[in-house]
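**Q** According to the numbering used here, the sequence shown holds residues 116 to 295 in order. Glycine is no exception: its CB is placed at the ideal position from the N, C-alpha and C atoms.
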Amino acid sequence: MKQEADHHLEVLLTRDQIQARVTQLAEEITRDYSGAGELVLVAVLRGSVYFAVDLSRRLNLPFILDFIGISSYAGASPSRGIVRITKDLESNIVHKNVLLLEDIVDTGLTLNYLIQNLKTRNPSSLRVCAFLDMPARRIVNIPVDYYGFSLPDLYVVGYGLDYHERYRNLEVVAALKDPK
Ligand code: IMP
């Protein structure tokens, strides 16, 4: 797949594979949370937006959809996992069931920070649903309760994932062969 003159993209997950898996995940989550009380879906900006929209549309449950924005501290080493909240939740999550929706769990540092932060707000439960899991690159061992696909150590784009803000809108997930 030749998307840009300077990037070679190799498709790893097709649109149909992604959509079928998201439907399965939504069915599983619907079963697990049926009758469980109020559910707040927390989509992590910006990468998880496409996943959150597709998944939430297929849930057969009442829920509140909320967003949290994060970014790495300027100048901090990405591997340290020091992140800051750029947009906080609008909902109060005390005594609510919270399901964090993330695009990819790579080192796990970002999610680890978010989990610690959200736990201090006393939700009645807090689980993680990640579209992609990349276990080979994990630095912090965090629980991923639901995931769409597990991938090897590659840089991937599409379905919300970007390379310098590009390729988020691809309907497939592709490996970026020659990042520069
Ligand atoms: P972490 O390493 O688990 O903290 O991942 C932090 C964030 O980096 C993820 O939420 C993604 O937004 C981004 N990221 C990590 N790996 C990739 C990748 O392969 N492609 C695009 N973005 C990535």
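Which residue wins for smallest C-alpha separation from VAL255, given the options ASN227, VAL159, ASP181 and ARG173?
**A** The residue you call residue 255 lines up with position 140 of the sequence shown. VAL255 has its Cα closest to that of ASN227, out of ASN227, VAL159, ASP181 and ARG173.
**Q** When you measure from the CB of THR274 to every non-hydrogen atom of ligand 1, does any distance come out below 7 Å?
**A** Taking the first residue of the sequence shown as 1, we reach residue 274 at position 159. The sequence as given places Tyr at residue 274; Thr does not occur at that position. Because no heavy atom of ligand 1 lies under 7 Å away, the Cβ of TYR274 does not count as near it: no.
**Q** If I measure Cβ to Cβ from LEU276 and keep anything under 8 Å in the same chain, skipping five residues before and after, which residues do I get?
**A** The residue given as residue 276 occupies position 161 in the sequence shown. If we look at LEU276 and ignore the five residues flanking it on each side, its Cβ neighbours are GLY162, ASP218, ILE219, LEU247, TYR282, ARG283 and VAL288.
**Q** Distance, Cα to Cα, ARG130 vs GLU286?
**A** As a working note, residue 130 is residue 15 in the sequence shown. As a working note, residue 286 is residue 171 in the sequence shown. Roughly 5 Å between the two C-alpha positions.
**Q** Touching or not, the region 138 to 147 and the region 199 to 211, by the rule of three or more beta carbon pairs under 8 Å?
**A** The answer is no - the region 199 to 211 does not touch the region 138 to 147, with fewer than three Cβ pairs under 8 Å.
**Q** For a test of your reading of the model: does the CB of VAL220 fall under 7 Å from any non-hydrogen atom of ligand 1? Yes or no.
**A** The sequence position of residue 220 within the sequence shown is 105, counting from 1. Checking the Cβ of VAL220 against ligand 1 gives yes.
**Q** In whole angstroms, what is the alpha-carbon distance linking GLU297 and VAL272?
**A** The requested residue 297 is not part of the displayed model; the chain covers only 116 to 295.
**Q** Along the chain, where does the alpha helix (DSSP H) containing VAL137 start, and where does it finish?
**A** For the purposes of this step, residue 137 is identified with residue 22 of the sequence shown, where counting begins at 1. Start and end: 130 to 148.
**Q** What three-state label does DSSP hand ALA290 in the structure shown?
**A** Here residue 290 refers to the residue found at position 175 of the sequence shown. In this structure, ALA290 counts as strand in the three-state DSSP scheme.
**Q** Any chance you could list the beta strand (DSSP E) runs of at least 3 consecutive residues sitting entirely within the region 204 to 276, in chain order?
**A** With a minimum length of 3 residues, the continuous beta strand (DSSP E) runs that stay inside the region 204 to 276 are 212 to 220, 240 to 248 and 261 to 265.
**Q** When you compare each of SER206, VAL155 and SER265 to ALA251 by their alpha carbons, which one comes out closest?
**A** By one-based count along the sequence shown, residue 251 stands at place 136. Cα-wise, what sits closest to ALA251 is SER265.
**Q** What are the boundary residues of the beta strand (DSSP E) that ARG199 is part of?
**A** What you label residue 199 is simply residue 84 of the sequence shown in a count that begins at 1. Looking at the DSSP string, the run of the beta strand (DSSP E) that includes ARG199 is 198 to 202.
**Q** Is LYS277 close to ligand 1? I mean its beta-carbon at under 7 Å from any heavy atom of the ligand.
**A** Residue mapping note: residue 277 aligns to position 162 of the sequence shown, counting from 1. Reading the sequence as shown, one finds Asp at residue 277 and not Lys. Flag set: Cβ of ASP277 near ligand 1.
**Q** Within 7 Å: the Cβ of THR225 and any heavy atom of ligand 2?
**A** Among the ligands in the structure shown, ligand 2 does not appear; only ligand 1 can be found there.
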